[in-house]
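Engineer: Counting in numbering that gives the first Met the number 0, the sequence shown runs from 0 upward without gaps.
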Amino acid sequence: MKTCELTQIIDQDKMFLEIFESCKNFTMTSKERMYALYKATRQVIECSVPGDFVECGVWKGGSAMIIAYSLIGLNATDRKIYLYDTFEGMTEPKECDFRAWDNTRAWNEWNDKQKLNYNDWCYAPMNEVKSNMTSTGYPEENIIYVKGKVEETIPKRAPAEIAILRLDTDWYESTMHELIHLYPLLSKNGVLIIDDYGYWAGSKKATDEYFSNFKIVFNRIDDTGIIAIKP
0 MKTCELTQII DQDKMFLEIF ESCKNFTMTS KERMYALYKA TRQVIECSVP GDFVECGVWK
60 GGSAMIIAYS LIGLNATDRK IYLYDTFEGM TEPKECDFRA WDNTRAWNEW NDKQKLNYND
120 WCYAPMNEVK SNMTSTGYPE ENIIYVKGKV EETIPKRAPA EIAILRLDTD WYESTMHELI
180 HLYPLLSKNG VLIIDDYGYW AGSKKATDEY FSNFKIVFNR IDDTGIIAIK P
């Protein structure tokens with residue numbers, strides 16, 4: 000589908016546009032990726048795909064807010080939303096983590112923004128994220144905040160079954176860890192979204208390596224994000 004055609008479809012979806020206006024200031028993802036998440040949420044509910052919703056890499060909660068508002072609109076607020084993040088900014092990237100198009104090392108920016116107890120790159124404390132999520136009206140008891148590096152919190156704190164798995168921690172090690180431990184929990188016909196596949200080389204490397212022995216078809220959402228339905 001051409002970008003102009005997708006833009007026309009998005010701009011005709013009044014329900015999404017209302018949600019988008021409420022969430023756009025709390026996410027760095029594109030309008031196209033937000034729409035893909037909105038449509039994926041509707042699809043798994045309408046098709047009765049079992050499981051909870053998982054996001055790794057939350058920032059201010061904008062994408063999770065998309066999920067919450069969509070579930071409210073579908074009267075499906077019994078699903079849990081798991082949010083995994085350090086809530087202290089980005090973790091330290093490794094040598095393989097660089098921008099895909101110009102090979103700029105992520106470590107340089109990470110190092111420049113390192114503070115005493117947090118990193119100022121994508122920093123959003125948990126209380127700010129909780130406030131944003133509370134504003135959606137989604138049942139607070141069904142929003143699970145998991146603080147820490149995913150390599151330390153997963154799989155100790157993970158749902159039994161996942162309907163949507165959205166990965167946005169950018170780096171090779173975290174993305175690979177998430178795929179190893181969470182993709183097997185994704186239900187058949189569940190949706191996998193890799194937010195920064197086209198932006199950070201580490202995210203792409205982890206995804207390509209993990210799925211080298213799996214039959215799965217990814218589609219590009221835009222120049223950065225990809226999406227797949229688990230067969």
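Think of the CB as a built atom: it goes at the ideal place given N, C-alpha and C, for glycine as much as any other residue.
1) Between Phe-25 and Gly-72, which are expected to be in contact by the criterion C-beta below 8 Å, what is the C-beta distance as a whole number of angstroms?
2) Spatial neighbours of Gly-136 within its chain, please: CB distance less than 7 Å, with the 5 preceding and 5 following residues excluded, ordered by chain position.
3) Is the stretch 186-200 in contact with the stretch 4-11, if contact means three or more CB pairs nearer than 8 Å?
4) Residue range of the alpha helix (DSSP H) that Asn-131 falls in?
5) According to DSSP, which residues form a beta bridge with Trp-199?
6) According to the neighbour-count rule (16 or more other Cβ atoms, all chains shown, within 10 Å of its Cβ), is Leu-82 buried or exposed?
7) Is DSSP giving Asp-222 helix, strand or coil here?
8) Assuming contact is defined by CB atoms lying nearer than 8 Å, are Tyr-144 and Lys-129 in contact in what I supplied?
9) Using beta-carbon positions only, say whether Asp-169 and Gly-56 come within less than 8 Å of one another.
10) To the nearest angstrom, how far is it from the Cα of Tyr-122 to the Cα of Thr-28?
11) May I ask you to verify whether the stretch 89-103 touches the stretch 30-38, counting CB pairs closer than 8 Å and requiring at least 3?
12) Got a sec? Which residues, its chain only, sit under 6 Å from Pro-92 by beta carbon, not counting five neighbours each side?
13) Shortest alpha-carbon distance to Leu-181 belongs to which of Trp-199, Glu-172, Pro-158?
14) Can you give, in chain order, each stretch of the alpha helix (DSSP H) that sits fully within the stretch 164-200 and has at least 4 residues?
15) Contact check, Ala-162 vs Pro-49 under 8 Å by CB: the rounded distance?
16) When DSSP labels each residue in this structure, what does Lys-204 get in the three-state scheme?
17) Go ahead and label Glu-45 buried or exposed: buried means 16 or more other beta carbons lie within 10 angstroms of its beta carbon, across all protein chains shown.
18) Can you look up Cys-22 in the DSSP assignment and give me helix, strand or coil?
19) What residue from Leu-16, Leu-184, Glu-150, Ile-153 has the CA that sits closest to Ser-69's CA?
20) Just curious, the alpha helix (DSSP H) that Asp-77 is in, first and last residue?
Structural biologist: Result, derived from the coordinates:
1) Not quite, the Cβ-Cβ distance comes to about 18 Å (not below 8 Å), so this is no contact.
2) Ile-71.
3) Touching, no, given that fewer than three Cβ pairs across the two stretches are closer than 8 Å.
4) It spans 125-133 - the alpha helix (DSSP H) in which Asn-131 sits, taken as one unbroken run.
5) When beta bridges are read from the DSSP output, Trp-199 appears opposite Arg-98.
6) It is buried - the Cβ of Leu-82 has at least 16 other Cβ atoms within 10 Å.
7) Correct three-state label for Asp-222: coil.
8) Yes, Cβ-Cβ distance for Tyr-144 and Lys-129 is below 8 Å.
9) It is a contact, given that the beta carbons lie within the stated cut-off.
10) One C-alpha to the other measures close to 15 Å.
11) No, they do not touch.
12) The residues are Ala-105, Trp-106, Trp-109, Trp-170.
13) For Leu-181, the closest of Trp-199, Glu-172, Pro-158 by C-alpha to C-alpha distance is Pro-158.
14) The qualifying runs are 171-181.
15) So it is a contact: roughly 7 Å between Cβ atoms.
16) Three-state result, Lys-204: helix.
17) With fewer than 16 Cβ atoms within 10 Å of its Cβ, Glu-45 is classed as exposed.
18) DSSP places Cys-22 in helix when its eight states are reduced to three.
19) The shortest Cα separation from Ser-69 among Leu-16, Leu-184, Glu-150, Ile-153 belongs to Leu-16.
20) Note, Asp-77: premise wrong, no alpha helix (DSSP H); not H, not E.
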